[in-house]
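Taking the working numbering, the leading residue of the sequence shown gets 173, the next gets one more, and so forth.
Please read the structure below before turning to the comments.
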Amino acid sequence: LPGLRAGLPEVVAGADRLNRTVRWVHAGEVPNIASLLKGGELLLTTGLGLGARPAEQRAFVRRLADRGIAALVVELGPRFGRLPASIVDAARAAGLPLVQLHR
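Listed below in structure tokens is the structure:
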């Protein structure tokens, strides 16, 4: 998406699946966001709802993948200066495209 270019995106997982159809763009910061999604969403977040512990973060990513979202985009900043390995590894394991925005 052209609007994301200004955020200096970096694909860190699922690059081979970036051709997924995006049905809707959704921004969310709540831990139970997956229950609101129906599939095909591009989820934008700063990571506030991703949990503090690695197990919570892995579970969060798995729930999103199970819902069939198109991709997860995380803006780096106060919550995450860099994405935790637990999030990146979970996205890779699930085949979920994961993009971090550097600004």
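In this text, a Cβ means the ideal position worked out from N, Cα and C, and glycines have one as well.
Proximity winner among the options, relative to residue i (alpha-carbon distances)
i, options, result
"residue 213", "229, 191, 256", "191"
"residue 178", "269, 267, 252, 247", "247"
"residue 211", "241, 227, 218", "241"
"residue 234", "251, 268, 186, 252", "268"
"residue 285", "261, 238, 274", "Since the displayed the chain opens at 173 and closes at 275, residue 285 lies outside it and no answer follows."
"residue 228", "245, 250, 204", "204"
"residue 256", "238, 222, 180", "222"
DSSP state of residue i mapped onto helix, strand, coil
i, result
"residue 280", "Outside the shown range of the chain (173 to 275) lies residue 280, about which nothing can therefore be said."
"residue 266", "helix"
"residue 231", "helix"
"residue 197", "strand"
"residue 257", "helix"
N- and C-terminal bounds of the beta strand (DSSP E) containing residue i
i, result
"residue 206", "Residue 206 -> no beta strand (DSSP E), and no H or E assigned at all."
"residue 248", "Here residue 248 belongs to no beta strand (DSSP E), and DSSP marks it neither H nor E."
"residue 216", "213-217"
Check: residue i C-beta below 7 Å from any heavy atom of the ligand GTP
i, result
"residue 187", "You won't find the ligand GTP in this model; it holds no ligand whatsoever."
Segment contact, 8 Å Cβ cut-off, at least three pairs: the region 214-228 with the region 179-188: The answer is no - the region 179-188 does not touch the region 214-228, with fewer than three Cβ pairs under 8 Å.
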